[in-house]
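Notes for the one structure printed next.
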Amino acid sequence: MGPVYRIPPYYYIHVLDQNTSVTRLEIGPQKFFKQDNETIVFGPDKMITLPPRHYCVIENPVVKNEDDQAQFDKNGQAKLLHGSQDVRLENDYKEPFPLYPGEVLKQAATLLKYVAANSGLRLKAVLDFDDNGEQRKAGDEWLFEGPGTYIPRKEVSVEEHIAATVIGPNQALRLSAKKELIDRMGQRRVAGENWLIKQLGAYLPLAYETVVSIENACVVTDKKALHLRALKTFIDDFGQTRNNGDEWLVTKEQTETHILNVYEQLVTIVDITTFNSRQYCVILNPVSSDGKNQWGKKKLVVGDKSFFLQPNEQLEKGIQDVYVLSEDEGIIVKCIESFGDEIDNVTRVPGDKWVIRGPREYIPPVQVEVLQKRKAIPLDENEGIYVRDLKTGRVRAIVGNTYMLTQDEELWEKELPLSIEEFLQRDSLVERRAKTTVTSSLQTTKRDKSRLVTYRVPQNQAVQIQCPSNFLIEPCLCIENNSSNNQTVLYSTLTETIPIRQKSIICEHINNSFLDLRSIFIKLSIVLTTNNQSNNLTNFNDFLLHNTQINHLSENVFGNITFSNILLYHNQLLKSIDVNAFNNTQNYVEVFRTLNTSLSDSDKLFIVIRKFHNLKFFSMENDELQSIPDCAFNHTELRYIWLGVDFRQTLQPLKHIGKYPFYNVPNLISLRIFSSLLTKIGKYPLAIYSRRSTSIVDDLNHMLYIDIGGSMLNASSFEPTSLTRFSNRPVFLRLYNTSIDYLDETIFQHFLETHPSSLLGVQDSNISRTCDYRSLWIKDEYCTNINWRENRVYGTPCCSL
534 MGPVYRIPPY YYIHVLDQNT SVTRLEIGPQ KFFKQDNETI VFGPDKMITL
584 PPRHYCVIEN PVVKNEDDQA QFDKNGQAKL LHGSQDVRLE NDYKEPFPLY
634 PGEVLKQAAT LLKYVAANSG LRLKAVLDFD DNGEQRKAGD EWLFEGPGTY
684 IPRKEVSVEE HIAATVIGPN QALRLSAKKE LIDRMGQRRV AGENWLIKQL
734 GAYLPLAYET VVSIENACVV TDKKALHLRA LKTFIDDFGQ TRNNGDEWLV
784 TKEQTETHIL NVYEQLVTIV DITTFNSRQY CVILNPVSSD GKNQWGKKKL
834 VVGDKSFFLQ PNEQLEKGIQ DVYVLSEDEG IIVKCIESFG DEIDNVTRVP
884 GDKWVIRGPR EYIPPVQVEV LQKRKAIPLD ENEGIYVRDL KTGRVRAIVG
934 NTYMLTQDEE LWEKELPLSI EEFLQRDSLV ERRAKTTVTS SLQTTKRDKS
984 RLVTYRVPQN QAVQIQCPSN FLIEPCLCIE NNSSNNQTVL YSTLTETIPI
1034 RQKSIICEHI NNSFLDLRSI FIKLSIVLTT NNQSNNLTNF NDFLLHNTQI
1084 NHLSENVFGN ITFSNILLYH NQLLKSIDVN AFNNTQNYVE VFRTLNTSLS
1134 DSDKLFIVIR KFHNLKFFSM ENDELQSIPD CAFNHTELRY IWLGVDFRQT
1184 LQPLKHIGKY PFYNVPNLIS LRIFSSLLTK IGKYPLAIYS RRSTSIVDDL
1234 NHMLYIDIGG SMLNASSFEP TSLTRFSNRP VFLRLYNTSI DYLDETIFQH
1284 FLETHPSSLL GVQDSNISRT CDYRSLWIKD EYCTNINWRE NRVYGTPCCS
1334 L
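Whatever position you read off the sequence shown (first residue = 1), add 533 for the numbering used here.
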């Protein structure tokens, strides 16, 4: 016999019979005599005691009969429900109880959960069972709502504790269904559906309801309205059916506060539009009586009124003032849509233009566009203006009476040579022998070019302008007075007249390709220099070669005749110019322009150009020039270089630009290059040498305008040094009709940093349509304001992101 174990009351031990391998339970109080074949495998240990309102969980519980007695097998081993659990409550186990061999205390004595009011437990079934007559399936979820004590079961797990959400005034609770359910209002909800609970107080969501958010009401006032959009077809709070995508306003007339429905989206808050009796506005896309936008239509609203703009409505030009015209005022208007004009009792058709004259008030109807406001020009008997008829192109002078331009007229500006400008500014008596001064040069800029040119001739003086007889220069002719030739197509989309100054020679409409121009001018030179006459007789203003079959200009083509302007227009057979063609006039030429010729030899052509030491304006348009050689220009007075004027009208088939072609043009103001064949901007093609001339404002910060266009130019066309070396001058670089889809930071940022006033314009290139991520560097450093006019980079949408 082994040792003796004294088991106190409410204690127990587990004894293993080593002969039968059966473990049995021994309960105190008792004195236990252990046999030699027995082993104490557990205990003595205290029995489990459940205080009031407590429970515990036993794993692998013993099997009990109807009398709540443990069941044993034939060997005396207690039968267990392996893998099962038993929740034991204090009401059922008021006395302490032992654990049978194999039973495990999974959860010690735990206080029962009390669920307060306005809260609950989300429960989930882990086994199928009958819940007081209701069949629960594994995975089902439900809510145990307080107040009350929750009695746990082995078939149920507690997922979470849920507290009620308090809904205050002007608030709503937005719920979402996790699966199909019937809500507290008895309404069936499907998975994913959202809805609002607007009742004041606490709301406890059901097991399959999720609280999305608390929605606050939007306040609607007399001056504020809500612009809403329907996200799905539904019936709104006012009983109106809204279709998906519909937009509408909620005003104070409907409600003072509005909580957005789950299918409503707040687009914006609309301010009231108010104007007085002296104002009006035009509404685009007005809303009809059925609430639909009338796309493309306009509506005129005349004050005094206040209203909200409906969705998709816009003010065409904002709130505008009524036109109040005095007796000497008028406005030019244009018809853009047919209508009956009740003022003049006529029918207007699109394109009609007419003048509304004062005194009167005028509010233009929606079918009319106001083009310009005009004022009558008072003229003394010795004053006049140049007026150009837009229909015929005819220019006439109006002298000695007050005149208001009609709808088909405009002021025409007469251009004069600089020497003539200075001459007109002088005092004809005091300064008649004076040389040109800086002061007189600056004064010429003050002349109104649309005013009639007059020259005051003192008493006992006369003015004579000499022009040779036309028979000496046939088939050319000499222009005695300022004039203009017949209308000519300068560009494919533009018809103009070519203004010609006095004492100029025109050779035009000559179909003889063998005409010897040189012999004409040699003969003229002999006549004008006979008898030692003044050399001024051989000095002419303009030479115009227009619409001829001439294919070559020979050596010394003008003889001793000199010109300040050489214009070669529409000579499509003209292929070459001798390098010594203009030797005698090379020091006089200030303007050299070509248009629609076949000139293509850039080497010979620029030998000619470099001889024009006083050149100020150089232009070649729609010729055959394919390259610009290195160091092409060497002109200190040159201001304008135009190789194509506009990518929509005139181009130049340039394929190559050499190095430093404009470097020795220090006073350059405008450079235009438009070519549909240009693919590369190489090293230093736009470099400019420091300005040293004092003939214009001597300012190193004077802006240089560079316009470049070409559909074959892309983001990789610019080499790293292509936009450098501008001699500390600010540059306004504008890109037109290119294929550039982004601005390379290493090139264009370096360009902008060369001078703090340099600008970049891309509004007429592909880059103006989208903002590529590679152009985002612009936004952080060069977009100072959403108003693009205040930025240093124009035309890119990157500044509005």
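Backbone N, C-alpha and C fix where the C-beta goes; we use that ideal spot for every residue, glycine too. The structure displayed is predicted, hence computed values, not measured ones.
Element boundaries [alpha helix (DSSP H), containing residue i]
i       : result
His1283 : His1283 to Glu1286
Phe1139 : Ser1135 to Arg1143
Pro1313 : The sequence given here places Asp at residue 1313; Pro does not occur at that position. Where Asp1313 is concerned, the enclosing alpha helix (DSSP H) stretches over Trp1310 to Tyr1315.
For residue i: DSSP bridge partner residues
i       : result
Asn1045 : Asn1045 pairs with nothing; no bridge assigned.
Lys564  : Arg539
Ala735  : Val699
His1189 : Ser1160
Trp728  : Leu708
Asn608  : DSSP output for Asn608 lists no bridge partner at all.
Phe1265 : Tyr1238 and Leu1292
Tyr633  : For Tyr633, which the question treats as bridged, DSSP gives no partner whatsoever.
His760  : Leu782 and Thr801
Thr572  : Leu549
Val834  : Cys814
Cys1331 : Bridge partners of Cys1331: none, in fact.
Cys1000 : In the DSSP output, where bridge partners are listed per residue, Cys1000 has none listed.
Thr1127 : Leu1101 and Met1153
Pick from the options that is closest to residue i, judged by C-alpha positions
i       : options                              : result
Pro844  : Leu708, Lys1192 and Arg762           : Arg762
Glu894  : Leu1237, Ala649, Ser859 and Ile573   : Ser859
Arg539  : Phe1151, Asp922, Phe565 and Tyr545   : Phe565
Gly891  : Ile1012, Ile864 and Val920           : Ile864
Ile730  : Arg984, Ile747 and Ile715            : Ile747
Asn826  : Leu1077, Asp1111, Thr880 and Asp779  : Asp779
Trp1175 : Asn1117, Thr925, Lys1192 and Gly1242 : Gly1242
Glu692  : Val659, Glu946, Glu948 and Asp1305   : Val659
Gln900  : Glu599, Phe872 and Ser1244           : Phe872
Segment limits, beta strand (DSSP E) that includes residue i
i       : result
Ser690  : Val689 to Ala696
Thr1095 : Thr1095 to Tyr1102
Asp1075 : Asn1072 to His1079
His474  : Residue 474 lies beyond the residue range present for the chain, which begins at 534 and ends at 1334; the question has no answer from this structure.
Trp887  : Lys886 to Arg890
Asn749  : Glu742 to Asn749
Ala1336 : For residue 1336 there is no data in the structure shown, the boundaries of the chain being 534 and 1334.
Trp675  : Glu674 to Glu678
Ala658  : Ser652 to Ala658
Which of helix, strand or coil DSSP assigns to residue i
i       : result
Thr1254 : coil
Asn1116 : helix
Phe767  : strand
Glu784  : Looking at the sequence provided, one finds Thr at residue 784 rather than Glu. Reduced to three states, the DSSP call for Thr784 is coil.
Thr1421 : Nothing about residue 1421 can be reported from this structure: the residues present for the chain run from 534 to 1334 only.
Gln618  : strand
Glu1222 : Note on identity: in this sequence residue 1222 is Tyr, with Glu being the wrong assignment. Correct three-state label for Tyr1222: coil.
Lys979  : helix
Leu714  : strand
Lys1056 : helix
Leu951  : helix
Lys825  : coil
Phe872  : strand
Cys1040 : strand
Gln847  : strand
Asn1064 : The pLDDT assigned to Asn1064 is 43, lower than 50, so where the model puts this residue is not dependable; a value taken from the coordinates is nonetheless given after this. Helix, per DSSP.
Tyr1306 : helix
Residue i beta carbon near the ligand ZN (any heavy atom closer than 7 Å)
i       : result
Asn1167 : Of ligands this structure carries none, so the ligand ZN is not represented either.
Would you check if there are 3 or more beta carbon pairs closer than 8 Å linking the stretch 1205 to 1214 to the stretch 1248 to 1267? Contact holds: three or more Cβ-Cβ distances are below 8 Å.
Touching or not, the stretch 1087 to 1095 and the stretch 1046 to 1056, by the rule of three or more beta carbon pairs under 8 Å? With three or more CB-CB distances shorter than 8 Å, the stretch 1087 to 1095 counts as touching the stretch 1046 to 1056.
Counting beta carbon pairs with one atom in the stretch 722 to 730 and one in the stretch 673 to 689, are three or more of them shorter than 8 Å? Contact between the stretch 673 to 689 and the stretch 722 to 730 is absent, because fewer than three Cβ pairs lie under 8 Å.
Tell me whether the stretch 1169 to 1178 and the stretch 1142 to 1155 touch, counting them as touching only if at least three CB pairs, one residue from each stretch, are closer than 8 Å. Yes, since at least three Cβ pairs between the stretch 1169 to 1178 and the stretch 1142 to 1155 fall closer than 8 Å, the two stretches touch.
Report yes or no: do the stretch 569 to 584 and the stretch 625 to 633 share at least 3 C-beta pairs separated by less than 8 Å? Three or more Cβ pairs closer than 8 Å define a contact, and the stretch 569 to 584 meets that threshold against the stretch 625 to 633.
Measuring CB atoms only, is the stretch 605 to 625 touching the stretch 659 to 674, in the sense that at least three cross pairs come out at less than 8 Å? No: fewer than three Cβ pairs fall under 8 Å.
Does the pairing of the stretch 1100 to 1107 with the stretch 1070 to 1085 give three or more beta-carbon distances under 8 Å? Yes: the two stretches touch, three or more of their Cβ pairs being nearer than 8 Å.
Assess, as a yes-or-no matter, whether the stretch 1285 to 1295 is touched by the stretch 1258 to 1269 under the definition of 3 or more beta carbon pairs within less than 8 Å. Yes: the two stretches touch, three or more of their Cβ pairs being nearer than 8 Å.
Is there contact here, the stretch 594 to 603 with the stretch 640 to 650, by at least three beta-carbon pairs under 8 Å? Result no; under three Cβ-Cβ pairs closer than 8 Å.
With a cut-off of 8 Å, do at least 3 Cβ pairs link the stretch 1157 to 1164 to the stretch 1188 to 1196? The stretch 1157 to 1164 makes contact with the stretch 1188 to 1196; the number of CB pairs closer than 8 Å reaches 3 or more.
Any 3 or more C-beta pairs closer than 8 Å across the stretch 734 to 751 and the stretch 771 to 778: Inter-segment contact for the stretch 734 to 751 and the stretch 771 to 778 is absent: fewer than three beta-carbon pairs are separated by less than 8 Å.
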